[in-house]
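Using our numbering, you'd call the opening residue of the sequence shown number 4 and step up by one each time. Where is the CB? At the ideal position from N, CA and C, for every residue including glycine. Here the structure is a predicted model, which is why all the values come from computation and not from measurement. Encoded as structure tokens, the structure appears first; notes follow it.
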Amino acid sequence: MKSLERMKEVSNQLDSMSYTGLSVAEQGMMSFLKVQLRRILESAQRLQANLDQKSWEEVLVNFMATVQRANLLYAYLMQPSVLSTVMSGKVWEVSETVLEAIFDLMAESISIMRRSLKEMNIDSLTLSLNSSPPSFNISVAMKGT
């Protein structure tokens with residue numbers, strides 16, 4: 004998955020970033036971003052492995068876990084108090100890059116999974132983005148057995 008590679012790049016960028024010149028609030032936010040992005044990356048890697056193995060139940064579990072983690076990070080970054088903190092150039096660029104990488108991951112995951120809906124025993128799979136509250140919503144319609 005191309006988005007998985009991008010997530011790795013963003014995670015590495017966060018790991019190598021210097022906190023020099025950042026406020027305590029910005030440093031805390033960057034630490035939170037790092038941890039959550041790493042967890043999203045781990046979940047997405049499991050998703051990729053299960054897609055490759057065609058382990059469909061695990062694909063759904065890992066996808067939902069990835070969405071849940073993405074929602075946590077997305078909601079955190081969109082809080083008014085956090086938004087006012089990230090308006091500085093360096094932190095805003097990183098936050099924006101993280102959000103773009105997450106959006107790419109969600110879109111690519113859905114695109115890949117949609118190719119295998121019949122095998123997964125799913126009628127439909129949709130992803131939508133809400134602004135209030137900020138979240139990704141997934142809808143899965145399973146076939147009856």
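Contact belief for residue i with residue j at Cβ below 8 Å, rounded distance in angstroms
i: residue 101; j: residue 29; result: Residue 101 to residue 29, Cβ: 14 Å. No contact.
i: residue 44; j: residue 17; result: 11 Å between Cβ atoms; not a contact.
i: residue 104; j: residue 10; result: 5 Å
i: residue 7; j: residue 48; result: 7 Å
i: residue 46; j: residue 72; result: 6 Å
i: residue 144; j: residue 127; result: 4 Å
Residue environment, residue i, which counts as buried when at least 16 other CB atoms sit within 10 Å
i: residue 52; result: exposed
i: residue 116; result: buried
i: residue 131; result: exposed
i: residue 65; result: buried
Those residues which DSSP pairs with residue i across a bridge
i: residue 150; result: Since the displayed the chain opens at 4 and closes at 148, residue 150 lies outside it and no answer follows.
i: residue 125; result: 145
heavy atom of the ligand FMN below 7 Å from residue i C-beta
i: residue 68; result: This structure lacks the ligand FMN, and indeed carries no ligand of any kind.
Nearest candidate by alpha-carbon position, reference residue i, set the options
i: residue 140; options: 147, 116 and 67; result: 67
i: residue 26; options: 128, 85, 130 and 142; result: 85
i: residue 20; options: 146, 134, 119 and 96; result: 96
i: residue 129; options: 70, 23 and 13; result: 70
Contact the region 78-90 vs the region 104-120: 3+ CB pairs below 8 Å: no
Does the pairing of the region 53-68 with the region 116-125 give three or more beta-carbon distances under 8 Å? yes
Cβ pair count under 8 Å reaching 3, the region 32-39 against the region 68-78: yes
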